[in-house]
Structure formats: C-alpha cells, structure tokens
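Student: Just dropping this structure here.
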Amino acid sequence: MTFSPTRFLVGLAIVLVGCGPAESETASAEEVSIPADQRIRTADPYARGYTDEDFPRIQELAPGVYSYEQLRSAGEEKFTTVSLFVVTGEGVIVADGQGSVEETARMIERIGGITDEPIRTVVVASDHGDHTAGNSAFSADVAFLAHPTSARALESMAGVPKATELVPDRKVIQMGDKEVHVLFLGRAHTGGDLVVYLPQEKVMFMSEAYLHRVFPAMRSAFPSEWVQMIETAQAMDVDVFVPGHGFVDHPSILAEELEVYQGAIRVVILEARRLYEDGFGLEEAQQMALFGDLDSWSLRSSQGDRAIQQVYAEIDGELPPVTR
Ligand SMILES: [Zn+2]
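Read in order, the letters of the sequence shown are residues 906 to 1229 in our numbering.
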C-alpha cells in the first residue's frame, strides 16, 4: 500500500472533528484555571519549583477561611504541614497547630496580620507531634477540642496543653457568621481523627486523614477503617478537601488526589495482604513489598515498612479496639 497524503489529511481532519470544538474549549478552560506549577503532582516543594521563601503560605479558600502551609523537614525530605483557620467575626478557630512552639508562634503572628480577632478555639484534628508540639504558643484561655483518643495521647506529651473539651462524635460551633462542624468520621491515621467542616463554604479540613502525595503513614493507623473514613468524607457536600500534609492545590486537584490517596492506602493494604496470605513473615514482606507508583511519593523510604507492619497487625487482630 502506498502512502496517500490526501487520505492522511482526511483522516487527520476526522480525528480533529472527532475531538469536537466544545470538548476542546472545555479542556482548555480547565487547564487555564489550574496554575502551571500545580500540574506536577507531588508533595516535594523543589520538584514544584518552590523555594523555602515561598513558605509559610496562606491561601483564602472561601471568605474568612484560610489554609496555612509551612515546610517541615522529615529526614532528607521536606513537605508542608497544613493548618486551617477560620475568621468568624467574633474570634478565630484554628484546626491543627504546627510542629514546634516557634512554628506555631509564627503561624499565630501571621494570623494576626490578617485579623485582630483573638484565637478562641483550637481543634486537635491530629494529635501527632508535628501538629501539636507547638500548642503551648496559643494563649492560655484558648479552648482545645479533641477526640477522647487524642485527648489521652495529649496527656502523655510533655509541654503540650491538654484537651479542654472532648468531641467523641460531633460538635457544631456557631461563632460570628460561621458555622463550623467538628466531626469524627471514623478512625484513620491516629484513631482520634477529627475533621473540620464548614457546610456553607463547603470546605473540609481533613488533617492527616489526607496526606497529599505523602506515602500513607501508618504508625498509629487503622488501615481498613481509614479507607472507609475517606469514603464517608467523599460522600459529603464538599468543594475543597484540605490535606494535613502536602500542597493545598486547586480544589479539583484536591478532590481528585483524595481519591488517589484512598487508592494508595488500598494498594498498601492489598500488597500486605497478598504477602501475608502467601505466608511471608513480616520482615520478608517488608523487603518484598511492591508499591508501584507510590515509590515516587514523599516518605516512601521511611514509611513503607511501618505500613506493612500495621496491616499485618490489623490482619492479626492486634490493633486497639474501638474505645470511647
Ligand atoms: Zn501523623
């Protein structure tokens, strides 16, 4: 068969018509609305072209609702720890602190650059040190809300303020013109995981239940329940899912990546189960585990073994029972 330029061009035209003008317009509009730097899906600031001076970074996600991202080092790697704050008109509600008194003080100072209102409430959405170790920087009259499981964890942490109010299931805060729901949607990363949900603004701060492009860290996790918990969150009326680590990107990316993240937890569970069912002991399984695409994620090298261990513990029924 000889090459026919005419047939080739006709073929090309059909392909182009097939794309349709309406479709390509939608596609390009979508591309324009997503900043170029966010096209690289990663938690690594340098892969994104960011520098240390780009942080802390504050973004207004909805009127009066802000994310706060500051870089932290984890071994050789750096990624962001994310807090949320809500300026209500009658005070500020903060979800999660930062990892040291110095960093939380810096955040308080930056919040002070945006509003004169005092911080009244701090929600301990994750009790882990990188979100609580700086909590003594908050003024002494602040209310600290935590799930009972996290409240117990805080009691054993030296120099960290204790919970002043427990939220086992749900608390609705009406402050100023904001309605803020503090919710326990199930055990996930810590067992005392809370989310902060603004139904009017459709923003949900997921804390460490959502690690955006950071390998599922499972040291105190409930792997299968975590998958369920994300599904519960996804079923709610939310436009912006805010992660506890990793970048606060365009809302459409954050929703897509939450699904990717849930898939990542599933990959870890399935791989550990496969190795368990094939009869491999923990150490062998840790050496053999294959995580595919997750190999490029932040913390892969430090968290992979621990995740396999946690899924093994779950299969063996060794994780703590549900407590109140
Ligand atoms: Zn954590």
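All residues carry an ideal CB built from backbone N, CA and C; glycine is no exception.
#1: Please name the residue, chosen from 1032, 998, 1102, 1030, that lies closest to residue 1017 on a Cα-to-Cα basis.
#2: Mind checking who residue 971 pairs with in its DSSP beta bridge?
#3: In whole angstroms, what separates the C-alpha of residue 1078 from that of residue 1085?
#4: Under a three-way DSSP split, which group does residue 908 fall into?
#5: Are the beta-carbon atoms of residue 1172 and residue 1083 separated by less than 8 Å?
#6: Give me, in chain order, the residues of the same chain whose beta-carbon lies closer than 8 Å to that of residue 940; leave out the 5 immediate sequence neighbours on both sides.
#7: I'd like to confirm the pairing. Which residues does DSSP put opposite residue 1079 in its beta bridges?
#8: If we call anything under 8 Å between Cβ atoms a contact, is residue 1052 one with residue 1097?
#9: Just list the beta strand (DSSP E) runs in the region 1016-1095, keeping only unbroken ones of 3 residues or longer that don't cross its boundaries, in chain order.
#10: Could you check whether residue 1091 and residue 1137 sit closer than 8 Å to each other, using their CB atoms as the reference points?
#11: Please report the straight-line C-alpha distance between residue 1011 and residue 973, rounded to a whole angstrom.
#12: Flag this pair as yes or no: are the beta carbons of residue 1110 and residue 1030 separated by less than 8 Å?
#13: Ligand 1 heavy atoms versus the CB of residue 1035: any closer than 7 Å?
#14: Say yes only if the C-beta of residue 1113 is nearer than 7 Å to one or more non-hydrogen atoms of ligand 1, and no if none qualify.
#15: Tell whether a beta-carbon distance below 8 Å holds between residue 949 and residue 1207.
#16: Just how far apart, CA to CA, sit residue 1055 and residue 1065?
#17: With distances taken Cα to Cα, identify the nearest neighbour of residue 957 among 983, 1122, 1074.
#18: Any idea which residues DSSP pairs residue 983 with across the strands?
#19: Could you tell me the distance, in whole angstroms, from the CA atom of residue 988 to the CA atom of residue 1177?
#20: For ligand 1, I want to know if residue 1052 counts as a neighbour, meaning its beta carbon is within less than 7 Å of at least one of the ligand's heavy atoms.
#21: Beta carbon of residue 1031: closer than 7 Å to some heavy atom of ligand 1?
#22: Going straight from the alpha carbon of residue 929 to that of residue 938, what length do you get?
#23: With distances taken from CA atoms, which of 1002, 1069, 1169, 1187 is nearest residue 1046?
#24: Closer than 7 Å to a non-hydrogen atom of ligand 1 - does that hold for the CB of residue 1094?
#25: I want to check one thing, is the minimum distance from the CB of residue 1122 to the heavy atoms of ligand 1 below 7 Å?
Tutor: Taking the geometry as given:
#1: 998
#2: 965, 990
#3: Looking at the two C-alpha atoms, the distance is approximately 5 Å.
#4: Legend: pLDDT at residue 908 = 41, less than 50; position of this residue unreliable, value from coordinates given subsequently. Residue 908: coil per DSSP, three-state reduction.
#5: no
#6: 1155
#7: 1084
#8: yes
#9: 1024-1029, 1048-1051, 1075-1080, 1083-1088
#10: yes
#11: Whole-angstrom Cα-Cα distance: 11 Å.
#12: yes
#13: yes
#14: yes
#15: no
#16: About 12 Å.
#17: 983
#18: Residue 983 has 978 as its beta-bridge partners, per DSSP.
#19: 32 Å
#20: Residue 1052 Cβ: outside cutoff for every heavy atom of ligand 1.
#21: It does: the Cβ of residue 1031 is within 7 Å (strictly closer) of some heavy atom of ligand 1.
#22: The predicted position of residue 929 is uncertain, since its pLDDT is 43 and thus under 50; a value taken from the coordinates is nonetheless stated next. Between residue 929 and residue 938, the C-alpha separation is close to 14 Å.
#23: 1069
#24: yes
#25: In this structure, residue 1122 has its beta carbon less than 7 Å from a heavy atom of ligand 1.
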